[in-house]
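Quick note, the sequences are listed as chains A and B, same order. Per the working numbering, the first sequence starts with residue 53, numbered consecutively. Per the working numbering, the second sequence starts with residue 53, numbered consecutively. See structure below.
Protein chains: 2
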Amino acid sequence: MLAMPSALSSALSSELPSESGTHPIEAAQRCSSCALRNICLPEGLDTADYALLESVICTSKRVQRGEALYKNGDAFSNIYVVRVGSFKTVVNHPDGREQVTRFDITGESLGLDGVYANQHSCDAIALEDSTVCIISFERLEALCSQIKLMQRHVHRLMSGEIVRTAGQMMLLGNMRADERVAAFLLNISARMKSRGYSATEFNLRMSRAELASYLGMKLETVSRMFSRFQKDKLINTHGRAVRILDMDGLGSV
Amino acid sequence: MLAMPSALSSALSSELPSESGTHPIEAAQRCSSCALRNICLPEGLDTADYALLESVICTSKRVQRGEALYKNGDAFSNIYVVRVGSFKTVVNHPDGREQVTRFDITGESLGLDGVYANQHSCDAIALEDSTVCIISFERLEALCSQIKLMQRHVHRLMSGEIVRTAGQMMLLGNMRADERVAAFLLNISARMKSRGYSATEFNLRMSRAELASYLGMKLETVSRMFSRFQKDKLINTHGRAVRILDMDGLGSV
DNA sequence: CGGCGCATTGAACTTATTCAAACGATGTGG
DNA sequence: CCACATCGTTTGAATAAGTTCAATGCGCCG
Numbered sequence: 053m054l055a056m057p058s059a060l061s062s063a064l065s066s067e068l069p070s071e072s073g074t075h076p077i078e079a080a081q082r083c084s085s086c087a088l089r090n091i092c093l094p095e096g097l098d099t100a101d102y103a104l105l106e107s108v109i110c111t112s113k114r115v116q117r118g119e120a121l122y123k124n125g126d127a128f129s130n131i132y133v134v135r136v137g138s139f140k141t142v143v144n145h146p147d148g149r150e151q152v153t154r155f156d157i158t159g160e161s162l163g164l165d166g167v168y169a170n171q172h173s174c175d176a177i178a179l180e181d182s183t184v185c186i187i188s189f190e191r192l193e194a195l196c197s198q199i200k201l202m203q204r205h206v207h208r209l210m211s212g213e214i215v216r217t218a219g220q221m222m223l224l225g226n227m228r229a230d231e232r233v234a235a236f237l238l239n240i241s242a243r244m245k246s247r248g249y250s251a252t253e254f255n256l257r258m259s260r261a262e263l264a265s266y267l268g269m270k271l272e273t274v275s276r277m278f279s280r281f282q283k284d285k286l287i288n289t290h291g292r293a294v295r296i297l298d299m300d301g302l303g304s305v
Numbered sequence: 053m054l055a056m057p058s059a060l061s062s063a064l065s066s067e068l069p070s071e072s073g074t075h076p077i078e079a080a081q082r083c084s085s086c087a088l089r090n091i092c093l094p095e096g097l098d099t100a101d102y103a104l105l106e107s108v109i110c111t112s113k114r115v116q117r118g119e120a121l122y123k124n125g126d127a128f129s130n131i132y133v134v135r136v137g138s139f140k141t142v143v144n145h146p147d148g149r150e151q152v153t154r155f156d157i158t159g160e161s162l163g164l165d166g167v168y169a170n171q172h173s174c175d176a177i178a179l180e181d182s183t184v185c186i187i188s189f190e191r192l193e194a195l196c197s198q199i200k201l202m203q204r205h206v207h208r209l210m211s212g213e214i215v216r217t218a219g220q221m222m223l224l225g226n227m228r229a230d231e232r233v234a235a236f237l238l239n240i241s242a243r244m245k246s247r248g249y250s251a252t253e254f255n256l257r258m259s260r261a262e263l264a265s266y267l268g269m270k271l272e273t274v275s276r277m278f279s280r281f282q283k284d285k286l287i288n289t290h291g292r293a294v295r296i297l298d299m300d301g302l303g304s305v
């Protein structure tokens, strides 16, 4: 039997400012003292920079499992950083088909798709009860004009998304079903590890159907790959609980 | 028989500043008088802004068919705008597999992948003899701090790439072979039209293999789809020459 | 004219999908 | 507390879609 930690969010939550009450929008948080500042802010900011930073007024907001943080067509004014929880991003085809394009966890940013047309072009849906920081993009841009490090940080953020999606296109265009699932597991593992969680044991937050959409295949195929990897002693799985047994083995299909 | 214009570049070339000689790097060009300024610069700049703009010192460079504008691992310092010609962008998997992630034509920008890690993460290869504007990203960032319109323009540029790749992920993850090829043809058609070329008659600049890679399939499958569309009277094709006969038909597979 | 590089076409094969059924955990009501 | 409905997951068998391998065709250039 596996004893899986609620890895995506529970371990960190104690470090975060306590948030009580039921209002969806919480009081402003100080970025300068946030546990995530090393993830979502550039390094090297001085005290004066942090003072300017507070002007961005990063409020936070709770989003319940299944709720949308924003939807395709919504006016764009903010970007978001995941504080607690996780999200999927979905693009909708006119004919009703859906494609999951991202999964985002603690410290990752959402919403930059909205800059282009000044409205969002996809839906961001919470995979579990989650909390995000709200950052006014207009104020962020103003800040970028003043703090060079911040400007570069925002540019790196956007460029990073471009690089990441290029990798996803390689996955979707060139890799077999087993390779896709293996690559996904290794990717999640690395992101967990970089946040201080176990690289080998975690609970997935998304359904097989959502994962299948993200990987460009059908949910049955994903399920078969999980079963095969288990038979081959690469992983243990039980539903959404995953334990990686052979990292190298996963790396070579 | 089809009489295909060399649509990707020839019609516009007469508007562009004449460039003689064989040196790969040409003298600086004035953005303020460039035929492409409406494509690659924001609207609403005033005379003072244009004066500042010249400081970016947009030199131009010729790249021969098959040559790399930059390669994976190259140090990042510039972004590029296609003046004449066209490029493919290729990401390389460690095991040797390649994925074409973009095709860029006149007025489109290249190189923003390099911002993230300060080095390029893919190869940009000329599909034909081409000319690009070279823009120092460092100077561009400095300019962004001074000209708000410019900052927003750069942000829109990057966000636009994010939106575009989301669409490509939908294509790769959800669409059938015939739908992918049809979507590609309509996409090229729209880009041609927006540049003043025929929306229905053009020459593709890439091989079947390159197109197949971009669309996440094999070159034989692409060829079969072209043949089928021709049989179904949706297009006429002869090698890389394409004439669209039924735009609506292509739109509904 | 002959050779080379793409592109096209055919036929066998492989992979992933589709459809269908069963399973297992969870939660509800009798 | 157990029966039962529900939702997501797993598994199997038949099918469809795209790939692979191989041969042929076509235009271009020396």
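Even for Gly, the Cβ is constructed at its ideal location relative to N, Cα and C. Remember, it's a predicted structure, so these values are computed and weren't measured experimentally.
- For residue 207 of chain A, the closest Cβ of chain B is nearer than 8 Å.
- With contacts defined by Cβ atoms closer than 8 Å, residue 297 of chain A and residue 205 of chain A do not form a contacting pair.
- Every alpha helix (DSSP H) stretch that sits fully inside the stretch 224-295 of chain A and reaches 4 residues is listed by chain position as 229-246, 260-267 and 271-283.
- In this chain, the beta strand (DSSP E) harbouring residue 136 of chain B covers 130-136.
- Per DSSP, residue 297 of chain A is not a residue of any alpha helix (DSSP H), being assigned neither H nor E.
- By the beta-carbon neighbour count (other beta carbons within 10 angstroms, threshold 16), residue 151 of chain B is buried.
- Under the Cβ distance rule, residue 168 of chain B counts among the residues neighbouring chain A, one pair being separated by less than 8 Å.
- When the beta-carbon positions are compared, residue 302 of chain B and residue 286 of chain B come within less than 8 Å of each other.
- The beta-bridge partner set that DSSP reports for residue 144 of chain B consists of B:150.
- Taking a 10 Å sphere around the C-beta of residue 279 of chain B, we find fewer than 16 other C-beta atoms and assign the residue as exposed.
- Out of A:304, A:257 and A:122, the CA that lies nearest to the CA of residue 131 of chain A is found in A:122.
- Not one beta carbon of chain A lies nearer than 8 Å to the beta carbon of residue 274 of chain B.
- For residue 182 of chain B, the uninterrupted beta strand (DSSP E) run begins and ends at 182-188, by DSSP.
- In chain order, 108 place their CB closer than 6 Å to the CB of residue 191 of chain B, counting only its own chain and leaving out the 5 sequence neighbours on each side.
- In the three-state DSSP reduction, residue 114 of chain A falls in the strand class (E or B).
- Residues of chain A with a Cβ closer than 7 Å to the Cβ of residue 164 of chain B are, in chain order, 211 and 214.
- The beta carbon of residue 244 of chain B sits closer than 7 Å to the beta carbons of 59, 250, 251 and 254 from its chain, once the five residues preceding and following it are set aside; these are given in chain order.
- Within chain B, the residues placing a beta-carbon under 8 Å from that of residue 196 of chain A are 196, 197 and 203, ordered along the chain.
- If you draw a straight line from the Cα of residue 276 of chain A to the Cα of residue 292 of chain A, it comes to about 14 Å.
- When beta bridges are read from the DSSP output, residue 162 of chain A appears opposite A:132.
- Distance from the CA atom of residue 262 of chain A to the CA atom of residue 139 of chain A, rounded to whole angstroms, is 11 Å.
- Residues of the stretch 218-231 of chain A that bring their beta carbon within less than 9 Å of a beta carbon in chain B comprise 218, 219, 220, 221, 222, 223, 224, 225, 226 and 227, in sequence order.
- DSSP lists A:127 as the beta-bridge partner residues of residue 171 of chain A.
- Contact residues of the stretch 128-146 of chain A toward chain B are 143 and 145 (C-beta to C-beta distance below 7 Å).
- Put simply, of B:176, B:181 and B:102 the residue whose alpha carbon is nearest the alpha carbon of residue 115 of chain B is B:181.
- Residue range 120-122 is occupied by the beta strand (DSSP E) that includes residue 120 of chain A.
- Neighbourhood of residue 151 of chain B in chain A, by CB distance below 7 Å: 221, 222, 225 and 226, in chain order.
- Using a Cβ-Cβ cut-off of 8 Å, residue 193 of chain A counts as an interface residue toward chain B, since at least one Cβ of chain B sits closer than that to its own.
- Counting only residues of its own chain and dropping the five nearest sequence neighbours on each side, residue 186 of chain A has a CB closer than 7 Å to the CB of 110, 111, 112, 113, 130 and 132.
- Counting other Cβ atoms within 10 Å of its Cβ, residue 148 of chain B stays below 16 and is therefore classed as exposed.
- In this structure, DSSP gives residue 103 of chain B a helical state, which the three-state scheme calls helix.
- Taking C-beta atoms under 8 Å as the contact rule, residue 179 of chain B and residue 117 of chain B qualify, at a distance of about 7 Å.
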